[in-house]
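Below: one structure, written as C-alpha cells.
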Amino acid sequence: MTDIHSCANLYQQRFQSTPRAAGIAPGRVEILGNHTDYNGGLVFTVAIDKTITVCGEKIPEPRITVYSEALQEETSFAPEPLVKDSAHPWADYVKGVLAQLRKHGIPWGGFQAVIGGDLPIGAGVSSSAALEAATALFIKALYPYDMDKLRLAQLCRAAENEFVGMPCGLLDQFSSFFGEKDSIIMLDCRDLTHKILPLPSPVPRIVLCDSGTRHELVDSEYRVRREQCQAACRVLANLLGKEINQLRDITMLEFMDLEDAMDDVLRRRVRHVLYENQRVMRGVAAVQLHNLHHLGELMVQSHQSSRNLFENSCRELDFLVEEAMQIPGCYGAKLTGGGFGGSTVNLVQPEHTEEFIRAIQERFELKFGRPCPTLVCSVGEGARMVEL
Ligand code: GLA
Numbered sequence: 015m016t017d018i019h020s021c022a023n024l025y026q027q028r029f030q031s032t033p034r035a036a037g038i039a040p041g042r043v044e045i046l047g048n049h050t051d052y053n054g055g056l057v058f059t060v061a062i063d064k065t066i067t068v069c070g071e072k073i074p075e076p077r078i079t080v081y082s083e084a085l086q087e088e089t090s091f092a093p094e095p096l097v098k099d100s101a102h103p104w105a106d107y108v109k110g111v112l113a114q115l116r117k118h119g120i121p122w123g124g125f126q127a128v129i130g131g132d133l134p135i136g137a138g139v140s141s142s143a144a145l146e147a148a149t150a151l152f153i154k155a156l157y158p159y160d161m162d163k164l165r166l167a168q169l170c171r172a173a174e175n176e177f178v179g180m181p182c183g184l185l186d187q188f189s190s191f192f193g194e195k196d197s198i199i200m201l202d203c204r205d206l207t208h209k210i211l212p213l214p215s216p217v218p219r220i221v222l223c224d225s226g227t228r229h230e231l232v233d234s235e236y237r238v239r240r241e242q243c244q245a246a247c248r249v250l251a252n253l254l255g256k257e258i259n260q261l262r263d264i265t266m267l268e269f270m271d272l273e274d275a276m277d278d279v280l281r282r283r284v285r286h287v288l289y290e291n292q293r294v295m296r297g298v299a300a301v302q303l304h305n306l307h308h309l310g311e312l313m314v315q316s317h318q319s320s321r322n323l324f325e326n327s328c329r330e331l332d333f334l335v336e337e338a339m340q341i342p343g344c345y346g347a348k349l350t351g352g353g354f355g356g357s358t359v360n361l362v363q364p365e366h367t368e369e370f371i372r373a374i375q376e377r378f379e380l381k382f383g384r385p386c387p388t389l390v391c392s393v394g395e396g397a398r399m400v401e402l
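Residue numbering for the sequence shown is 15 to 402, as defined by the working numbering.
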C-alpha cells in the first residue's frame, strides 16, 4: 500500500509547500480474457495493492509542474496547447487526461504535483492506466466535477487512445477504478456490466515474474493484433451476410460452421478470442464454487491459447509458465496484458509464496543466465481520492 504520507513529504520537500489532495490508483493484473477487451469480450481482472499517487495543490498561475519520483524528472508546461513531449513521455498520460477533461467541458487550472507510489513502471501491471486514474481523481479533488467511475475509466482510456496513441481496450482503466479488496472483477466489454466476485480464503497471492524481455515491437504488434481482429470481423460479416462490428457479435456455432473458409491466421485469432470468453465464464463458476485449482487450469489454457493461437507469447514467458506449474502451491500461471514479453501472473497459495519465488527464480536464472525479478501482490482496492 502506498504511504500517502511519504508522497506528501516528498511534495513538501520538492515544492516547500503543503499538498492539498491526492489521487491514488492501483495497477491491475489480467487473470483471464487476454486481448478480449477491444473485441467486446469478457475479462477477469483484479486491482493489486501497488499504487501510483499523484499528490499536490492548485496554484494561481496558469502552469502545470509535475515531478516523477520514480524517474526523478520534472516537467512544466502551459495548460494550452497540450502537446506530447518525447523528452518526458510519462507526462503524456497526465496531459492526455487533462485534454480529455477539457474535451468534456470540465474546467481545471494550474497545479503542481509529485507522482509517487510503489507500482513498478514497465513491469506489465499497467502503471499507465494507474497514472491516468490517479491524475483524474487528483484533478477532481482540486477542481471538483461530477463523473461516475465508468465514465472516468472511459475518459482515461480515451486519453491513452487519443493523446498517447496506444489503441488499448478498457481492461486496465476499468480494473484500476473498480477493483475491490480480495475480489475479482468480471467485466463484459460489450455492455459494460460487471460482477464483483469475492475470492475464497485464504486469498491467493499474485506473484508477477518479469521475463525481462521488452519486445521493441510491443506497440506495433498490439496494433497488428487489433487490426487482425477487425479484419476477421469483416471476413465473417461477408461470410454470414450480417453486420459484425466486434468479434463478440459472432457465436461459437456460427464460427465453427465458417472457420474452414477463413485464412489460417485470422481463424486462429478468432478462435483465441472466442475461447477466452468461454474461459472467463468458466472462471466465474470456478470462483463461485471456490475452486481455485480449476481457475488455475483455465489460466494455463489461456496461456497456451495466447502462445499458439494469438501468438503474443515468447520463450521466456512460456518457460516461466511451464516451470511455475511444476512448483507446489501454484494454482495457475499465464502471460498478462499485451504480451510479447513482460510478466507472467501466478496465482499462489499464500503459505507457498516464498518457496515458489525461490524455485522460479532459480530455474529462470539457470536457463537464461539472468535474474527474474518478482513482485508479490495482494488483491487490492480501486482508485480513490484523498483530501489532505
Ligand atoms: C493491454 C491493453 C489492454 C488489453 C490487454 C490484453 O494491457 O492495455 O486493453 O487489451 O493488453 O488483454
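Cβ atoms here follow ideal geometry from the backbone N, Cα and C, with glycine treated the same way.
At a Cβ-Cβ threshold of 8 Å, Leu250 and Ile258 count as neighbours. Between Leu288 and Leu272 the beta-carbon gap is near 12 Å, outside 8 Å, which marks them as no contact. Of all residues, those with a beta-carbon under 5 Å from at least one heavy atom of the ligand GLA are Asn48, His49, Asp51, Cys182, Gly183, Leu185, Asp186, Gly351, Gly352, reported in chain order. In the structure shown, the three-state DSSP call for Ile371 is helix. Annotated as proximal: Gly396 and Gly193, with beta-carbon spacing under 8 Å. When Tyr25, Cys182, Tyr81, Gln126 are compared, the shortest CA-CA separation from Ser234 is found for Cys182. Ranked by Cα distance from Ala143, the first of Val128, Gln187, Glu325 is Gln187. Short of 7 Å from the beta carbon of Ile135, and not among the five residues preceding or following it, lie these beta carbons of its own chain, in chain order: Ala84, Ser141. In the DSSP assignment, His308 falls within the alpha helix (DSSP H) that extends over 306-319. A residue is called buried once 16 or more other Cβ atoms fall within 10 Å of its Cβ, and Asn322, having fewer, is exposed. Excluding its 5 nearest sequence neighbours in each direction, Lys195 has C-beta neighbours in its own chain below 7 Å: Val393, Gly394, Glu395, listed in chain order. Per DSSP, the continuous beta strand (DSSP E) segment holding Arg228 begins and ends at 219-228. Unbroken beta strand (DSSP E) stretches of 3 residues or longer found wholly inside the stretch 114-158: 125-131, given in chain order.
Short of 8 Å from the beta carbon of Glu75, and not among the five residues preceding or following it, lie these beta carbons of its own chain, in chain order: Gly124. Taking 8 Å as the cut-off, the Cβ atoms of Ala105 and Asp99 count as close.
Shown here for Pro364: same chain residues with a beta carbon closer than 8 Å to its own, the five before and five after excluded, namely Pro216, Val217, Pro218, Arg219 in chain order. DSSP, reduced to helix, strand and coil, places Asn48 outside both helices and strands of the structure shown, so it counts as coil.
Annotation for His102: no beta strand (DSSP E) segment contains it, and DSSP assigns it neither H nor E. Here the stretch 66-80 lies against the stretch 151-160, with 3 or more beta-carbon pairs under 8 Å apart. Residue environment analysis places His286 among the buried positions, since at least 16 neighbouring C-beta atoms fall within 10 angstroms of its C-beta. Comparing alpha-carbon positions, the option among Asp263, Leu145, Leu334 lying closest to Tyr52 turns out to be Asp263. Inter-segment contact for the stretch 304-314 and the stretch 345-353 is present: three or more beta-carbon pairs are separated by less than 8 Å. Contact between Pro387 and Ser190 is ruled out by a C-beta separation of about 22 Å, above the 8 Å threshold. About 6 Å separates the beta carbons of Ala147 and Cys170, which is inside the 8 Å limit, making them a contact pair.
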